[in-house]
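A.B. asks: The sequence shown: position 95 = 95 (the UniProt record's numbering), numbered continuously.
Note that CB positions come from ideal geometry on N, CA and C, so glycine has one too.
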Amino acid sequence: MSGNEQNQDILQQQLKGKKLSGKTLKRHDSLELESSKVPEVKKALEWSVILKLAFQSIGVVYGDIGTSPLFVFATVFPNGVKLEEDILGALSLIFYTITLIPLIKYVFIVLRANDNGDGGTFALYSLICRISKVGLIPSQQPEDKDVSTFKLDLPDRPTRRASKLKSKLESSNFAKFFMLIATMLGTSMVIGDGILTPCIAVLSAVGGLKAAAPSVLTEERLIWIAVAILILLFMFQRFGTENVGNTFASVLSLWFIFIAGIGIYNIVKYDPTIIRALNPKYIIDYFKRNKKNAWISLGGVVMSITGGEALFADVGHFSVLSIQISMCCVTYPALILAYLGQAAFLMKNIDDVADTFYKSIPHSLYWPVFIVAVLAAIIASQALISGTFSIIQQSLALGCFPRVKVVHTSTKHHGQVYIPEINNLLMLSCVIVTLTFRTTEKISNAYGIAVVFVMVLTSCFLVLVMIMIWKTNILFVIIYVLIIGTVELIYLSSVLYKFDQGGYLPLAFSMFLMFIMYVWNYVYRKKYHFELEHKISPLKVKEAVDETNYHRLPGLAIFYTELVHGIPPIFKHYMENVPVLHSVLVFVSVKSLPISKVPVEERFLFRRVKPYDLYVFQCVVRYGYNDVHNEEESFERLLAERLKEYIRYDSMLSMNAAKSSRVSTEQSSNMELEIDCDIQEDVTFSRERDIEVVERAYSVGVVHFVGEQDVIAGKGSGIAKRVVINYVYNFLKRNLRQSSKVFDIPHKRMLKVGMIYEL
1 MSGNEQNQDI LQQQLKGKKL SGKTLKRHDS LELESSKVPE VKKALEWSVI LKLAFQSIGV
61 VYGDIGTSPL FVFATVFPNG VKLEEDILGA LSLIFYTITL IPLIKYVFIV LRANDNGDGG
121 TFALYSLICR ISKVGLIPSQ QPEDKDVSTF KLDLPDRPTR RASKLKSKLE SSNFAKFFML
181 IATMLGTSMV IGDGILTPCI AVLSAVGGLK AAAPSVLTEE RLIWIAVAIL ILLFMFQRFG
241 TENVGNTFAS VLSLWFIFIA GIGIYNIVKY DPTIIRALNP KYIIDYFKRN KKNAWISLGG
301 VVMSITGGEA LFADVGHFSV LSIQISMCCV TYPALILAYL GQAAFLMKNI DDVADTFYKS
361 IPHSLYWPVF IVAVLAAIIA SQALISGTFS IIQQSLALGC FPRVKVVHTS TKHHGQVYIP
421 EINNLLMLSC VIVTLTFRTT EKISNAYGIA VVFVMVLTSC FLVLVMIMIW KTNILFVIIY
481 VLIIGTVELI YLSSVLYKFD QGGYLPLAFS MFLMFIMYVW NYVYRKKYHF ELEHKISPLK
541 VKEAVDETNY HRLPGLAIFY TELVHGIPPI FKHYMENVPV LHSVLVFVSV KSLPISKVPV
601 EERFLFRRVK PYDLYVFQCV VRYGYNDVHN EEESFERLLA ERLKEYIRYD SMLSMNAAKS
661 SRVSTEQSSN MELEIDCDIQ EDVTFSRERD IEVVERAYSV GVVHFVGEQD VIAGKGSGIA
721 KRVVINYVYN FLKRNLRQSS KVFDIPHKRM LKVGMIYEL
């Protein structure tokens, strides 16, 4: 059997069982067929891999929350402890806060809301975009829902509440803009937290060195040592999360063993009955005694859960199960034992609250613990750095961040990435903050605002996910809001009390970063709408081409465009100035779906532009926000192979449609057989001819056309619009990577086509 006959048999089997009516096949307004549809086979991770990821997550995810015992009691009682009962109240607050927020909320609830394994604010936003049409870019296609990773495992029970909420979100432009702005602000807050965490961690580490050698290490020298450590830490990021995780996990594991062991030692030595603080009545009594001061002290309690959002943002670097294992088996028990031990120590040493951690260490273990504590404090910044890379990658793919290069540092785990520009930005910001504020006391006032704000935002999005996607019983939603939501709002009110004492720092940085994100997204949407309004209909391509005295050149031309529906206006501009058409022309739109990954087998969509003798095709190449754009296999070759598969598949559908509409069922079987043979011969000849044309064009060479659209504000635009488009956006565009660099298009075979858009 020949190869063509084998392909025909395979296609016949794919079409078997599909009843074709006498009418023509239904055509979508966007594209017609996927080049191939192969069901995705999801493979469960082996336990050896899960346990390895769980070990690595200790070094990447828990550095921030794990080092909190160094200073929590000191921040809760900045003016000292007045009564021993206050220690029990603070300990009870710490216990229930850690149990309620990082453990119950994030580990057992929020991690379930991951987007195909990826977490963070944008992951929640993408889930909501997939269940309801709240995205602001009109590039949705009916075929997107056919992608296996796009589909959500929804409960079968439809609810009126979910439908009503979905309808309100889809019909409200205010809700769409509000959700986008809130997502950008939350993302900016996490990045802002990623700047403050390294500063506090490193400054606290070198502060310990000063205690060891006060006469040698002056404050000025300590500041520059901290700067040097920060630079080395960020330089180490390019080696990837896996290498960083393996290195840091060993140190953090030793750290958790130390603090758990010291906690047990202090409980046994000082106060075995300290466990009575787990009774929540001590919290009530604490607030009755201290009133406003108790409320202000919540800002110190928040320091025990810093890094909680990074736990969710970093899930893409590992897996849900691996983080659940490491949290429940290592981090949570060690933290609770550490705080119980410190509280037991303070019950007998009430005046040592300012230096609780180091004073509670047994003398024989002081220096080993001190060294590990210094290393752990430096490592604490890793959780936020890795989380920042993850959320920037997500926002970049969804058109909410300027183009930057994303380096995938692991071939095994798709979520482990490194972004050089963002790494350099974080490093520069950390150095500036360290040199400016110089002490941990000044920075700590700003620390809690970013942490708690993002937690509140996550809860808001999670409620939408519960109602629309999970379709959770409304009673459980109300319980979540009343318990966790109320607790987070109370903590937010407390940390905002210190706004004028440094709390403005993360907000100022977040507003600046959000402004950059909004400007990029605003112009991105304006450009897309401009192209949508001035697009060339596929039916009018022949007319546009015939207006010029064009010539055909051998070869395959790939014309890149962001437009999914129709032909971009820059094509007509090109034909008017360079009336040359290659033997095969493919308009490629690289599109990001609001999902983390798109299987390669489901990545390409094609549509053929009539008349067929032009050999013009539309192609949408769909990526998830964590997909690698530059696969090992050549994109050109992959595109050509998928195009040939599409031609085979489309010809088979055309043949079956023609057979189904043949002359009459009353004709003799011989007549039917002759008609079938004629149809099959014509379709086969046409198919083989088209495939030969594509193969010949590919063998001659591939040329890449990249549109370079310069944008300016249209006539009559206001001052704000002119500033945003003409100055801010164009400044960002000039100083960041171009699309050709992002997609690694070969320079020797790339032609840029310029056009000015008046927005």
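Quick check: what's the CA-CA separation for Val541 versus Met575?
C.D. replies: Mapped onto the sequence shown, residue 541 falls at position 541. Mapped onto the sequence shown, residue 575 falls at position 575. Distance between the alpha carbons of Val541 and Met575: 11 Å.
A.B. asks: Below 8 Å, can you find three or more Cβ-Cβ pairs linking the segment 353-362 to the segment 285-292?
C.D. replies: Judged by Cβ distances under 8 Å, the segment 353-362 makes no contact with the segment 285-292, as fewer than three pairs qualify.
A.B. asks: Taking the straight line between their C-alpha atoms, what separation do you get for Arg637 and Met652?
C.D. replies: Position 637 of the sequence shown holds residue 637. Position 652 of the sequence shown holds residue 652. So the alpha carbons of these two residues sit roughly 23 Å apart.
A.B. asks: So is Ala380 buried or exposed if we call it buried at 16+ other beta carbons inside 10 Å?
C.D. replies: As a position in the sequence shown, residue 380 is number 380, starting the count at 1. By the neighbour-count rule (16 or more Cβ atoms within 10 Å), Ala380 is buried.
A.B. asks: Got a sec, what are the start and stop residues for the alpha helix (DSSP H) His529 sits in?
C.D. replies: Within the sequence shown, residue 529 is the residue found at index 529, counting from 1. Start and end: 504-533.
A.B. asks: Cα separation between Phe150 and Tyr480?
C.D. replies: Residue numbering aside, residue 150 sits at position 150 when the sequence shown is read from its first letter. Residue numbering aside, residue 480 sits at position 480 when the sequence shown is read from its first letter. With a pLDDT of only 49 at Phe150, under 50, the local geometry of the prediction cannot be trusted, and the value read off the model is given with reservation. The straight-line gap from Cα to Cα measures roughly 27 Å.
A.B. asks: Would you call the CB atoms of Ser48 and Ile323 closer than 9 Å?
C.D. replies: Residue mapping note: residue 48 aligns to position 48 of the sequence shown, counting from 1. Residue mapping note: residue 323 aligns to position 323 of the sequence shown, counting from 1. No.
A.B. asks: From Arg696 to Lys176, what distance separates their C-alpha atoms?
C.D. replies: Start at 1 with the first residue of the sequence shown, and residue 696 comes out as number 696. Start at 1 with the first residue of the sequence shown, and residue 176 comes out as number 176. Answer to the nearest angstrom: the Cα atoms are 48 Å apart.
A.B. asks: Residues in the same chain with beta-carbon distance under 6 Å from Gln6, minus the five sequence neighbours each way, listed in chain order, please.
C.D. replies: Working through the sequence shown from its first residue, we reach residue 6 at position 6. Low local confidence applies: a pLDDT of 45 at Gln6 is under 50, so the model's placement there is unreliable, with the coordinate-based value given in what follows. Cβ within range, chain order: n/a, list empty.
A.B. asks: Looking only at its chain, what residues have a beta carbon closer than 7 Å to the beta carbon of Val76, apart from the 5 residues adjacent to it on each side?
C.D. replies: To locate residue 76, count along the sequence shown from 1; it is residue 76. Excluding sequence neighbours, Val76 sits near Ala90, Ser297, Gly300, Val301.
A.B. asks: Starting from Phe617, follow its DSSP beta bridges and name the residues at the other end.
C.D. replies: Mapped onto the sequence shown, residue 617 falls at position 617. In DSSP, Phe617 forms a bridge with Val586, Arg608.
A.B. asks: My output table needs one value for Arg289: the three-state DSSP class, helix, strand or coil.
C.D. replies: Here residue 289 is taken as the residue at index 289 of the sequence shown, counted from 1. Reduced to three states, the DSSP call for Arg289 is helix.
A.B. asks: How many Å lie between Val369 and Val598 at the Cα?
C.D. replies: Numbered from its first residue, the sequence shown carries residue 369 at position 369. Numbered from its first residue, the sequence shown carries residue 598 at position 598. Taking the straight line from one Cα to the other gives about 46 Å.
A.B. asks: Rounded to the nearest angstrom, what separates Gly22 and Tyr649 at their Cα positions?
C.D. replies: Taking the sequence shown and counting its residues from 1, one reaches residue 22 at position 22. Taking the sequence shown and counting its residues from 1, one reaches residue 649 at position 649. The predicted position of Gly22 is uncertain, since its pLDDT is 34 and thus under 50; no value can be drawn from it.
A.B. asks: Where Leu31 and Met755 are concerned, what is the direct C-alpha to C-alpha distance, given to the nearest angstrom?
C.D. replies: In the sequence shown, the residue the question calls residue 31 occupies position 31. In the sequence shown, the residue the question calls residue 755 occupies position 755. Its pLDDT being 45, under 50, Leu31 is placed unreliably by the model, and nothing is read from it.
A.B. asks: Based on Cα-Cα distance, which residue from Leu435, Met468, Arg734, His317 lies nearest to Gln393?
C.D. replies: As a position in the sequence shown, residue 393 is number 393, starting the count at 1. If we check each option's Cα against that of Gln393, His317 comes out closest.
A.B. asks: Go ahead and pull the three-state DSSP assignment for Phe256.
C.D. replies: Residue 256 sits at position 256 when you count from the first residue of the sequence shown. It is helical.
A.B. asks: Let me check one thing: in DSSP terms, what residues is Asp115 bridge-paired to?
C.D. replies: Position 115 of the sequence shown, counting from 1, holds the residue named residue 115. Paired residues: Asp118.
A.B. asks: Excluding the five sequence neighbours on either side, which residues of its own chain have a C-beta within less than 8 Å of the C-beta of Ser326, listed in chain order?
C.D. replies: Counting from 1 along the sequence shown, the entry for residue 326 is found at position 326. Hits under 8 Å: Ala54, Phe55, Ser57, Ile58, Val61, Tyr62.
A.B. asks: Check whether the segment 548-557 touches the segment 498-518, counting contact only when three or more Cβ pairs, one atom from each stretch, lie closer than 8 Å.
C.D. replies: no
A.B. asks: Can you give me the start and stop residues for the alpha helix (DSSP H) that Ile231 sits inside?
C.D. replies: Here residue 231 is taken as the residue at index 231 of the sequence shown, counted from 1. Segment 219-235, the alpha helix (DSSP H) holding Ile231.
A.B. asks: Can you give the Cα-Cα distance for Met427 and Lys348, rounded to whole angstroms?
C.D. replies: Working through the sequence shown from its first residue, we reach residue 427 at position 427. Working through the sequence shown from its first residue, we reach residue 348 at position 348. Near 43 Å, if we compare the C-alpha coordinates of Lys348 and Met427.
A.B. asks: Classify Ile109 as helix, strand or coil using the three-state DSSP reduction.
C.D. replies: For the purposes of this step, residue 109 is identified with residue 109 of the sequence shown, where counting begins at 1. Secondary structure at Ile109: coil, using DSSP grouped into helix, strand and coil.
A.B. asks: Taking 9 Å as the cut-off, decide whether the C-beta atoms of Ala446 and Leu196 are in contact.
C.D. replies: Stepping through the sequence shown from its first residue, residue 446 is reached at position 446. Stepping through the sequence shown from its first residue, residue 196 is reached at position 196. Taking 9 Å as the Cβ cut-off, Ala446 and Leu196 qualify as a contacting pair.
A.B. asks: Taking Ser204 and Leu346 to be in contact with their CB atoms under 8 Å, please state how far apart those CB atoms are, rounded to whole angstroms.
C.D. replies: The count along the sequence shown starts at 1 and reaches residue 204 at position 204. The count along the sequence shown starts at 1 and reaches residue 346 at position 346. The pair is not a contact, with the Cβ atoms about 20 Å apart (cut-off 8 Å).
A.B. asks: For Leu539, tell me which candidate among His565, Leu464, Leu83, Ser188 has the shortest Cα-Cα distance.
C.D. replies: To locate residue 539, count along the sequence shown from 1; it is residue 539. For the residues His565, Leu464, Leu83, Ser188, the minimum Cα distance to Leu539 belongs to His565.
A.B. asks: According to DSSP, simplified to helix, strand and coil, what is Thr561?
C.D. replies: Here residue 561 corresponds to residue number 561 of the sequence shown, with the count starting at 1. Strand at Thr561.
A.B. asks: What is the DSSP secondary structure of Pro198, counted as helix, strand or coil?
C.D. replies: The sequence position of residue 198 within the sequence shown is 198, counting from 1. Of the three classes helix, strand and coil, the one that applies to Pro198 here is helix, per DSSP.
A.B. asks: Starting from the C-beta of Ile305, find all residues in its chain whose C-beta is less than 7 Å away, skip the five residues before and the five after it, and write them out in chain order.
C.D. replies: Here residue 305 is taken as the residue at index 305 of the sequence shown, counted from 1. Result list for Ile305: Ile65, Thr97, Ile98, Ile101, Pro102, in chain order.
A.B. asks: Helix, strand or coil for Lys281, going by three-state DSSP, please let me know.
C.D. replies: On the sequence shown, position 281 is the one that residue 281 refers to. Reduced to three states, the DSSP call for Lys281 is helix.
A.B. asks: When you compare only the Cα positions, how much space is there between Lys752 and Val706?
C.D. replies: As a first step, residue 752 must be located in the sequence shown, where it is residue number 752. As a first step, residue 706 must be located in the sequence shown, where it is residue number 706. Taking the straight line joining both Cα atoms gives about 5 Å.
A.B. asks: From what residue to what residue does the beta strand (DSSP E) around Gly754 run?
C.D. replies: Here residue 754 refers to the residue found at position 754 when the sequence shown is read from its first residue. The continuous beta strand (DSSP E) containing Gly754 extends over residues 750-758.
A.B. asks: So, at 7 Å on beta carbons, what are the nonlocal neighbours of His747 in its own chain, with the 5 sequence-adjacent residues on each side left out?
C.D. replies: In the sequence shown, residue 747 corresponds to position 747, counting from 1. Cβ within range, chain order: n/a, list empty.
A.B. asks: Using a 10 Å radius around the Cβ and a threshold of 16 neighbouring Cβ atoms, would you call Gln8 buried or exposed?
C.D. replies: The count along the sequence shown starts at 1 and reaches residue 8 at position 8. In this prediction, Gln8 has a pLDDT of 47, which is less than 50 and means its spatial position is unreliable; what the coordinates show is noted afterwards. By the neighbour-count rule (16 or more Cβ atoms within 10 Å), Gln8 is buried.
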